[in-house]
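As structure tokens, the structure follows; a few thoughts come after it.
2 protein chains.
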Amino acid sequence: MHYIRYHHGDLPAALIRATDEILAERGLEKFTLREAARRAGVSPAAPAHHFGSSAGLLTEVAILGFDELTRHISIDPSAGGPTDRLKMQGAGYVRFALAFPGRFHLMFRHDLLLPDDKRLELAGERAWSALAETVRALRSVPDDHPFDAELRATLLAAWSTVHGFAHLALDGKFSRLYPDTSSDHLLSQLLPEVLGAIWPQR
Amino acid sequence: MHYIRYHHGDLPAALIRATDEILAERGLEKFTLREAARRAGVSPAAPAHHFGSSAGLLTEVAILGFDELTRHISIDPSAGGPTDRLKMQGAGYVRFALAFPGRFHLMFRHDLLLPDDKRLELAGERAWSALAETVRALRSVPDDHPFDAELRATLLAAWSTVHGFAHLALDGKFSRLYPDTSSDHLLSQLLPEVLGAIWPQR
DNA sequence: GGACTATCTGTACGCTGTAAAGATTCGTAC
DNA sequence: GTACGAATCTTTACAGCGTACAGATAGTCC
Numbered sequence: 372m373h374y375i376r377y378h379h380g381d382l383p384a385a386l387i388r389a390t391d392e393i394l395a396e397r398g399l400e401k402f403t404l405r406e407a408a409r410r411a412g413v414s415p416a417a418p419a420h421h422f423g424s425s426a427g428l429l430t431e432v433a434i435l436g437f438d439e440l441t442r443h444i445s446i447d448p449s450a451g452g453p454t455d456r457l458k459m460q461g462a463g464y465v466r467f468a469l470a471f472p473g474r475f476h477l478m479f480r481h482d483l484l485l486p487d488d489k490r491l492e493l494a495g496e497r498a499w500s501a502l503a504e505t506v507r508a509l510r511s512v513p514d515d516h517p518f519d520a521e522l523r524a525t526l527l528a529a530w531s532t533v534h535g536f537a538h539l540a541l542d543g544k545f546s547r548l549y550p551d552t553s554s555d556h557l558l559s560q561l562l563p564e565v566l567g568a569i570w571p572q573r
Numbered sequence: 372m373h374y375i376r377y378h379h380g381d382l383p384a385a386l387i388r389a390t391d392e393i394l395a396e397r398g399l400e401k402f403t404l405r406e407a408a409r410r411a412g413v414s415p416a417a418p419a420h421h422f423g424s425s426a427g428l429l430t431e432v433a434i435l436g437f438d439e440l441t442r443h444i445s446i447d448p449s450a451g452g453p454t455d456r457l458k459m460q461g462a463g464y465v466r467f468a469l470a471f472p473g474r475f476h477l478m479f480r481h482d483l484l485l486p487d488d489k490r491l492e493l494a495g496e497r498a499w500s501a502l503a504e505t506v507r508a509l510r511s512v513p514d515d516h517p518f519d520a521e522l523r524a525t526l527l528a529a530w531s532t533v534h535g536f537a538h539l540a541l542d543g544k545f546s547r548l549y550p551d552t553s554s555d556h557l558l559s560q561l562l563p564e565v566l567g568a569i570w571p572q573r
């Protein structure tokens, strides 16, 4: 194998892009560091100089994933009632997972990521703080009040439900109970039913 | 390397046991087919004769995992009210996940399992049919009535919530909101708060 | 232009899953 | 008892993986 040039230009960005492409095209289980290097046109050892290891590269991609997730659950805080907004955010969460399963799976595979990366932690916190805002409104708690046990429970319940729904849907676990497992149908039909069962309109 | 005997006795069982041990001791990410073979005292190629591939062996272990999960969520159908029973089953689900994270992760990693194994599917269905029974009681629907959309939504909401909770807890995502992430505390304190938020006592 | 530094290659090592062929033992029929 | 087919496991081998290490190349600064 012979590589054209020693200086790529912006290899880190190219490797991140290549990794994201692999996740989108072939899924997380098909990602290899060598394949990402191939797509970026560099040798298998090149990524190590910028990301240290496979986990370093994947961590960068996971951070971008959390940013994209945050965009999917960011909504106008004045639109509709708090329950509606929480349902919209839940739908955004699941829509992200179904649209980008590779990214989504990666973001919650800490065995593949750098264990104590601060930027990754912050990216994750930015995501659920968007949910926290809506939960405050739902319980009529002003922003300056502490985030007490009840708020925490409400937030974790909402997060757990959409997170579990997304995982089970991607795993195909709904196919028996629900024959039409297209993403559109899951989002427009099944998810509203599920969220309606735990967050009755009030 | 030199192996004592050509005929092991019961190699399939030994390999399943070895795999389960690896999952318990070192987690799913540390499992390799060769390591399981080493623990069983056979050559790396031996497992293929009984399980075809790594996925074949892992599928058998996943089936046992679903059986164990079913035991964790099986309760006396006359104990307490339906809401209480559903909470007990939810706690059982999470207790299983926290006690056996390797097994739990494996069971929902279809990329590692045989894609269309009927016994695996049945083992999964046995698990959630234990939940379905309680959901029927919760909605006061007799056994001979069809499992309609409302029942389905209630079941999937319950399943999604405990499933998401277990995954997020194992991923350490609660550590910011909740400093004490010991299994006991998560089960006795946080989970009841979360389930109370979506299944108010009625 | 020369030295320094950053960047990437080339090579190599131990690990992985598993295919293919051969060795060993079991079970059974005679 | 013994011969033989089937079942079981070993041996060997191969391609692919992550990554450590040493060396080649190119950009930068004096």
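Protein sequences appear in the order of chains Z and Y.
Counting the first sequence from 1 gives a position; our numbering is that position plus 371.
Counting the second sequence from 1 gives a position; our numbering is that position plus 371.
Just so you know, even glycine gets a beta-carbon here, dropped at the ideal spot from N, CA and C.
### Query
Should R397(Z) be labelled buried (16 or more other beta-carbon atoms within 10 Å of its own) or exposed?
Within 10 angstroms of the beta-carbon of R397(Z) lie fewer than 16 other beta-carbons, which makes it exposed.
### Query
Between the region 509 to 532 of chain Z and chain Y, which residues of the former have a C-beta closer than 9 Å to a C-beta of the latter?
From the region 509 to 532 of chain Z, only F518, A520, E521, R523, A524, T525, L526, L527, A528, A529, W530, S531, T532 have a Cβ closer than 9 Å to chain Y.
### Query
Shortest alpha-carbon distance to F518(Z) belongs to which of S424(Y), Y549(Y), G535(Y), S425(Y)?
Among S424(Y), Y549(Y), G535(Y), S425(Y), the Cα nearest to that of F518(Z) is on Y549(Y).
### Task
Mind checking which residues open and close the alpha helix (DSSP H) that includes P563(Y)?
Taken as a continuous stretch (DSSP letters only), the alpha helix (DSSP H) holding P563(Y) covers 562 to 569.
### Query
Since A568(Z) meets chain Y, which of its residues come closer than 7 Å, beta carbon to beta carbon?
Residues of chain Y passing the Cβ test: A524, T525, A528.
### Query
Can you tell me whether DSSP reads K489(Y) as helix, strand or coil?
Reduced to three states, the DSSP call for K489(Y) is helix.
### Task
Evaluate contact between the region 556 to 565 of chain Y and the region 490 to 507 of chain Z, counting only Cβ atoms and requiring at least three cross-stretch pairs below 8 Å.
Contact between the region 556 to 565 of chain Y and the region 490 to 507 of chain Z is absent, with fewer than three C-beta pairs closer than 8 Å.
### Cutoff 6 Å; reference R474(Z); Cβ partners in own chain excluding five residues on either side
So the qualifying residues of the chain are L394, G436.
### Message
Taking 6 Å as the limit between beta carbons, can you name the residues of its chain near T525(Z), skipping five residues before and five after?
### Response
In its chain, beyond the 5 residues on either side, V506 have a beta carbon closer than 6 Å to the beta carbon of T525(Z).
### Message
I'd like the span of the alpha helix (DSSP H) that includes V432(Y), first residue to last.
### Response
Boundaries of the alpha helix (DSSP H) harbouring V432(Y): 425 to 443, taken from the DSSP string.
### Message
Relative to the C-alpha of D488(Z), which candidate in R376(Z), S511(Z), E564(Z), T430(Z) has its C-alpha closest?
### Response
With distances taken between Cα atoms, D488(Z) lies closest to T430(Z).
### Contact set between V565(Y) and chain Z, taken where Cβ atoms lie within less than 8 Å
Contact note: V565(Y) reaches chain Z through A524, L527, A528, S531, using a C-beta cutoff of 8 Å and chain order.
### Query
Alpha carbon to alpha carbon, how far is F422(Y) from F402(Y)?
Approximately 16 Å, taken between the alpha carbons.
### Task
Report yes or no: is there a C-beta of chain Y within less than 9 Å of the C-beta of F479(Z)?
Closer than 9 Å: yes.
### Where the alpha helix (DSSP H) containing H476(Y) begins and where it ends
Taken as a continuous stretch (DSSP letters only), the alpha helix (DSSP H) holding H476(Y) covers 472 to 478.
#### Entry: At least 3 beta-carbon pairs within less than 8 Å: the region 530 to 549 of chain Z vs the region 538 to 548 of chain Y
The answer is yes - the region 538 to 548 of chain Y touches the region 530 to 549 of chain Z, with three or more Cβ pairs under 8 Å.
#### Entry: Within chain Y, partners of F422(Z) - CB distance below 8 Å
Proximity of chain Y to F422(Z) at the Cβ level (cut-off 8 Å) is not reached, the minimal Cβ distance being about 19 Å.
### Message
By alpha-carbon positions, which one of L509(Z), R480(Z), A529(Z) ends up nearest to A462(Z)?
### Response
Taking only the C-alpha atoms, the option nearest A462(Z) is A529(Z).
### Query
Where do the ends of the alpha helix (DSSP H) carrying A389(Y) lie?
It spans 382 to 397 - the alpha helix (DSSP H) in which A389(Y) sits, taken as one unbroken run.
### Task
Go through the region 497 to 549 of chain Y residue by residue and report every complete run of the alpha helix (DSSP H) that reaches 4 residues or more, in order.
Counting only runs of 4 or more, we get 520 to 541.
### Task
Taking only beta-carbon positions, decide if D482(Y) is within less than 9 Å of chain Z.
Cβ-Cβ to chain Z under 9 Å: yes for D482(Y).
### Task
Tell whether a beta-carbon distance below 9 Å holds between L527(Y) and R510(Y).
In this structure, R510(Y) does not lie closer than 9 Å to L527(Y) by Cβ.
### Message
Output needed for E406(Y): all residues of its chain with C-beta closer than 7 Å, excluding positions within five of it in sequence on either side, in chain order.
### Response
Exclusion of the five residues before and after E406(Y) leaves I393 as the residues of its chain whose Cβ lies within less than 7 Å of its Cβ.
### From L485(Y), A520(Y), M459(Y), A411(Y), residue whose alpha carbon lies closest to that of L566(Y)
It is M459(Y).
### Query
Cβ of K544(Y) less than 9 Å from any chain Z Cβ?
Yes, its Cβ sits closer than 9 Å to a Cβ of chain Z.
### Query
In its own chain, which residues sit with a C-beta less than 8 Å from the C-beta of T441(Y), not counting the 5 before and 5 after it?
Only A494, R497, A498, A501 meet the Cβ criterion.
### Task
Could you tell me whether any Cβ in chain Y is nearer than 9 Å to the Cβ of E406(Z)?
No, no contact with chain Y.
### Task
Flag F475(Y) as yes if its beta-carbon sits less than 9 Å from any beta-carbon of chain Z, otherwise no.
Chain Z contact via Cβ: absent.
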